[in-house]
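Engineer:
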Amino acid sequence: MPCTPQYRGGMASSNGRIPSPRMKYTNYKSRVNITYVDKDGKRTKIQGKVGDNVLYLAHRHGIEMEGACEASLACTTCHVYVQHDYLQKLKEAEEQEDDLLDMAPFLRENSRLGCQILLDKSMEGMELELPKATRNFYVDGHKPKPH
1 MPCTPQYRGG MASSNGRIPS PRMKYTNYKS RVNITYVDKD GKRTKIQGKV GDNVLYLAHR
61 HGIEMEGACE ASLACTTCHV YVQHDYLQKL KEAEEQEDDL LDMAPFLREN SRLGCQILLD
121 KSMEGMELEL PKATRNFYVD GHKPKPH
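full-length UniProt numbering applies: residue 1 is where the sequence shown begins, and numbers increase by one.
1) Do Glu129 and Asn33 count as a contact pair if the criterion is CB distance below 8 Å?
2) For Ala133 and Lys39, I'd like the C-alpha separation in whole angstroms.
3) Are the beta-carbon atoms belonging to Lys121 and Val37 less than 8 Å from one another?
4) Since I believe Leu55 is in contact with residue 148 (beta carbons under 8 Å), could you give me their beta-carbon distance rounded to a whole number of angstroms?
5) Using a 10 Å radius around the Cβ and a threshold of 16 neighbouring Cβ atoms, would you call Arg112 buried or exposed?
6) Have a look at Leu101, Lys29, Glu92, Gln88 and flag the residue whose alpha-carbon is nearest the alpha-carbon of Gly48.
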């Protein structure tokens with residue numbers, strides 16, 4: 001193989017040059033844009049990666065979603081309302097998630113637990129609305145920091 005830029009370890013860019021080590025590599029095909037709507041109606045658009053957990057993604061972007069059980073499927077503090085157009089694109093809720101949601105305040109037909117939603121490309125443009133309160137702390141106004 002000749003020793004030209006396009007053959008050096010597969011690192012060449014489309015113009016045949018080796019990219020600077022300071023360049024960030026971003027695979028935009030693996031990105032998903034979603035919007036969180038908080039209890040006051042404030043909309044926050046964020047970009048996640050395919051495979052991101054909606055609860056942890058909210059934490060990384062400063063969205064007030066508690067997640068008291070740290071995604072162990074033991075509470076409902078990451079309760080979200082999924083935009084109806086996207087419900088069928090989500091993996092079906094397991095029985096344990098459904099059982100927990102039955103105990104969630106302000107339950108709706110489109111309720112899901114954020115810790116159980118993993119992003120994929122079919123969720124591009126999805127909106128997730130946060131309920132007015134969750135069972136643990138938000139009812140009394142306490143706003144815990146993410147774990």
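Cβ coordinates follow ideal geometry from the N, Cα and C atoms, glycine included.
Structural biologist: This is what the structure gives:
1) no
2) 8 Å
3) no
4) Since the first residue shown for the chain is 1 and the last is 147, residue 148 is missing from the structure and cannot be characterised.
5) buried
6) Lys29
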